[in-house]
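S.K.: Before I ask anything, here is the structure I am working with.
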Amino acid sequence: MPGEGSCGTRTPRGSGRRPRPSPGSSPEPSRRSRRRPPPERQMTVQHSPVSFDSPVVERGAGFFETVLLVGRRAVLWDAHVARLLGTLERFELPAPPPDSVLALARREAAALPASPEEERAMRLAWIAAGADLDDAASWRLDVSIRQIPPATLARRSGARGVTLPPLFQRDTPVAKSTSYFAAVAGLRYARKNGGDEGLFTAPDGSYLEGTSTALVAWNEGELAFTPLPVLPSTMRAAVLQGGGVEKRLLREDLLRGAFLTGSLTKVVPLLSLDGEPCRTPPGMLERVGEFNRRMVDDASLSTDL
Numbered sequence: 004m005p006g007e008g009s010c011g012t013r014t015p016r017g018s019g020r021r022p023r024p025s026p027g028s029s030p031e032p033s034r035r036s037r038r039r040p041p042p043e044r045q046m047t048v049q050h051s052p053v054s055f056d057s058p059v060v061e062r063g064a065g066f067f068e069t070v071l072l073v074g075r076r077a078v079l080w081d082a083h084v085a086r087l088l089g090t091l092e093r094f095e096l097p098a099p100p101p102d103s104v105l106a107l108a109r110r111e112a113a114a115l116p117a118s119p120e121e122e123r124a125m126r127l128a129w130i131a132a133g134a135d136l137d138d139a140a141s142w143r144l145d146v147s148i149r150q151i152p153p154a155t156l157a158r159r160s161g162a163r164g165v166t167l168p169p170l171f172q173r174d175t176p177v178a179k180s181t182s183y184f185a186a187v188a189g190l191r192y193a194r195k196n197g198g199d200e201g202l203f204t205a206p207d208g209s210y211l212e213g214t215s216t217a218l219v220a221w222n223e224g225e226l227a228f229t230p231l232p233v234l235p236s237t238m239r240a241a242v243l244q245g246g247g248v249e250k251r252l253l254r255e256d257l258l259r260g261a262f263l264t265g266s267l268t269k270v271v272p273l274l275s276l277d278g279e280p281c282r283t284p285p286g287m288l289e290r291v292g293e294f295n296r297r298m299v300d301d302a303s304l305s306t307d308l
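So the number in the numbering used here is just where the residue sits in the sequence shown, counting from 1, plus 3.
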C-alpha cells in the first residue's frame, strides 16, 4: 500500500469540488500562480521538462559555467566559454556553437535588465536530455540569470576554510560537470563545522581546491597552486596571468597566507583553517583588493551582453 507522500492513489477528499467564491470576494489564486518561483529565480527561457530518466538527471551528464554579471557585462566571458567548449572537445562530446551561446546569453540579459553596477549570476548549462550522448540532438543549452547567493556574498569579506575528510572527492575534477555531489556535500560539511568553504585534499594530505573556489597560497609573494588535477579556474588564471608556481599546498602554506578565487566569490583571503587563524599579509590583501576592483572596472575583462 502506498504510504503518505507516495505516488499511489490519492485519498478522496469530499466531492473534490472547490467552493465557489462569494460575491465580491477575491478568487483563490490558481495552483500554478501559488507555485510560481520568486522573481529572482524566474527564467525567461522556456523548455519542455527534462525526463526523469535522462542522462543529466540520472547520471549527472552535463556541464555548466557560472559567470559574474555586472549590469550587462559578463566578466571573463571568453574564458568561461572556452573552458566549457574545451571540456566538451576533451571528452569528444557534441558542443554548441559559440555564437549561439552568446546570442542566448544576450537574449536573457535583455529580458532581465539590471542597473549598470548590479551584480548577478548567469548560469550556462549544456545538458544531456537524450540518451545518445554522441547525438547532438540529445543535448540542449540552458541559460539563466539569478541572484548571487547570500552566503557567497558574505564570503567575500574573507573565507573560513574547513579541511574535508578523504571521503569527499570529485569524480572528474578537471571538468565542471553537473555531477556535483561532492561539492554540495562538502560545503554542507564545512558549514556544519563552523566554516563557509570546504577544501578538498589529495591522498598525500596536500590541499587541492574549494568546493566552488580555487586555492592559491601567498608563498611570500610567489603565488603557488597545486600541480595535481583540479578544475582549471578562470578566475585563478586571470589573477596569475600566466605566473605562479606549482607546489603541493600543505597546511603550513595556507596558515602563512592564502586566498580563494571564484566567479561569484571573487578573490578573498583565507581567514582561518579548521578554526585556526591564517596570516593575512598586507601585500596579499593589497593584491586581492586591486584585482577585485579591476575585475569590476576593467572593461577588457568582460564582454557586453
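A virtual CB, placed ideally from N, CA and C, is assigned to each residue, including glycine.
Please classify Pro206 as buried or exposed, where buried requires at least 16 other C-beta atoms within 10 Å of its C-beta.
M.R.: With fewer than 16 other Cβ atoms within 10 Å, it is exposed.
S.K.: Apart from the five residues just before and just after Gly189, which ones in its own chain have a Cβ nearer than 8 Å to its Cβ?
M.R.: Cβ within range, chain order: Leu167, Phe171, Gly201, Phe203 and Thr214.
S.K.: To the nearest angstrom, how far is the alpha carbon of Leu79 from that of Thr306?
M.R.: One C-alpha to the other measures close to 7 Å.
S.K.: Please classify Thr216 as buried or exposed, where buried requires at least 16 other C-beta atoms within 10 Å of its C-beta.
M.R.: It counts as buried.
S.K.: With a CB to CB cut of under 8 Å and the five nearest residues on each side skipped, what residues in its chain are close to Lys179?
M.R.: Same-chain partners within the cutoff: Phe66, Phe67, Glu68, Arg86, Leu87, Thr90 and Leu234.
S.K.: Report, in whole angstroms, the separation of the C-beta atoms of Gly75 and Ala106, which I expect to be a contact under 8 Å.
M.R.: Checking the sequence shown, residue 75 turns out to be Arg, not Gly. Actually they are not in contact, since the Cβ atoms of Arg75 and Ala106 sit about 14 Å apart, beyond 8 Å.
S.K.: Where does Lys250 sit, in a helix, a strand or coil, going by DSSP?
M.R.: Here Lys250 sits in coil by DSSP.
S.K.: Quick one: grab the DSSP three-state call for Val153.
M.R.: The sequence given here places Pro at residue 153; Val does not occur at that position. In this structure, Pro153 counts as helix in the three-state DSSP scheme.
S.K.: What beta strand (DSSP E) runs, 3 residues minimum, are completely inside the stretch 45-131?
M.R.: Runs found: 65-73, 76-78 and 122-131.
S.K.: On a CA-only basis, which of Ala240, Arg163, Leu136 and Leu263 is nearest Met287? Give me that one, please.
M.R.: Residue Leu263 is the option with its Cα nearest to Met287.
S.K.: Thinking just about the alpha-carbon of each residue, which of Leu72, Arg194, Ala132 and Leu96 is nearest to the one in Leu115?
M.R.: The option with the nearest alpha carbon to Leu115 is Leu72.
S.K.: In the DSSP assignment, find the unbroken beta strand (DSSP E) run with Tyr210 in it and report its ends.
M.R.: That run of the beta strand (DSSP E) goes Tyr210 to Gly213.
S.K.: Assuming Pro230 is part of the alpha helix (DSSP H), what are its boundary residues?
M.R.: Taken as a continuous stretch (DSSP letters only), Pro230 belongs to no alpha helix (DSSP H), as it is neither H nor E.
S.K.: Rounded to the nearest angstrom, how far is the Cβ of Ala128 from that of Val271, given a contact under 8 Å?
M.R.: Contact flag wrong, Cβ pair sits at about 26 Å.
S.K.: Thinking Leu258 and Arg282 are a contact (beta carbons under 8 Å), I'd like their distance in whole angstroms, please.
M.R.: Sure, about 7 Å apart at Cβ, within 8 Å.
S.K.: Quick one: grab the DSSP three-state call for Lys269.
M.R.: Reduced to three states, the DSSP call for Lys269 is strand.
S.K.: Exposed or buried, Pro232, counting other C-beta atoms within 10 Å across all chains shown (16 or more means buried)?
M.R.: It counts as exposed.
S.K.: Can you check which of these residues, Ala82, Ala154, Arg239 and Ser236, is closest to Arg191 by C-alpha distance?
M.R.: Of Ala82, Ala154, Arg239 and Ser236, the residue nearest in Cα terms is Ala154.
S.K.: Measure from the alpha carbon of Tyr210 to the alpha carbon of each residue in Gly245, Gly197 and Gly164, then state which is nearest.
M.R.: Of Gly245, Gly197 and Gly164, the residue nearest in Cα terms is Gly164.
S.K.: If we define contact as Cβ-Cβ less than 8 Å, is Phe66 a contact residue for chain B?
M.R.: Absence of chain B from the displayed structure is noted, only one protein chain being present.
S.K.: Is it buried or exposed, Phe237, if we count other Cβ atoms within 10 angstroms and call 16 or more buried?
M.R.: The sequence given here has Thr at residue 237, not Phe. The residue in question, Thr237, is buried, as its Cβ has 16 or more Cβ neighbours within 10 Å.
S.K.: Tell me whether Ala193 is buried or exposed, calling it buried when 16 or more other Cβ atoms sit within 10 Å of its Cβ.
M.R.: Result: buried.
S.K.: List the endpoints of the continuous beta strand (DSSP E) containing Glu1.
M.R.: The chain is shown only over 4 to 308; residue 1 falls outside these bounds and no answer can be derived.
S.K.: Helix, strand or coil for Arg143 per DSSP?
M.R.: The answer is strand: DSSP assigns Arg143 an E or B state.
S.K.: Considering only the alpha carbon of each residue, which of Ser303, Asn295, Leu308 and Asp300 lies closest to Arg159?
M.R.: When each option's Cα is compared against that of Arg159, the closest is Asn295.
S.K.: Using a Cβ-Cβ cutoff of less than 7 Å, which residues in the same chain neighbour Pro284 once the five nearest sequence positions on both sides are dropped?
M.R.: Hits under 7 Å: Trp221 and Gly260.
S.K.: Looking only at its chain, what residues have a beta carbon closer than 8 Å to the beta carbon of Val53, apart from the 5 residues adjacent to it on each side?
M.R.: Contacts found: Val59, Val60, Ile130 and Ala132.
S.K.: DSSP three-state label for Glu3, please.
M.R.: The structure shown does not extend to residue 3, since the chain spans only 4 to 308, so no value can be given for it.
S.K.: If we ignore side chains and look at the alpha-carbon of each, how far apart do Ile148 and Asp102 end up?
M.R.: Between Ile148 and Asp102, the C-alpha separation is close to 19 Å.
S.K.: Within the continuous alpha helix (DSSP H) that includes Asp307, where are the two ends?
M.R.: Element bounds for Asp307: not the alpha helix (DSSP H) but the beta strand (DSSP E), Ser305 to Asp307.
S.K.: How should Phe228 be labelled, buried or exposed, when 16 other C-beta atoms within 10 angstroms of its C-beta is the threshold for buried?
M.R.: Label assigned to Phe228: buried.
S.K.: Have a look at Asp256, Val219 and Glu255 and flag the residue whose alpha-carbon is nearest the alpha-carbon of Gly246.
M.R.: Minimum Cα distance to Gly246 is reached at Val219.
S.K.: Among Asp138, Ala157, Val104 and Ala134, which residue has its Cα nearest to the Cα of Arg126?
M.R.: The residue with the shortest Cα to Cα distance from Arg126 is Val104.
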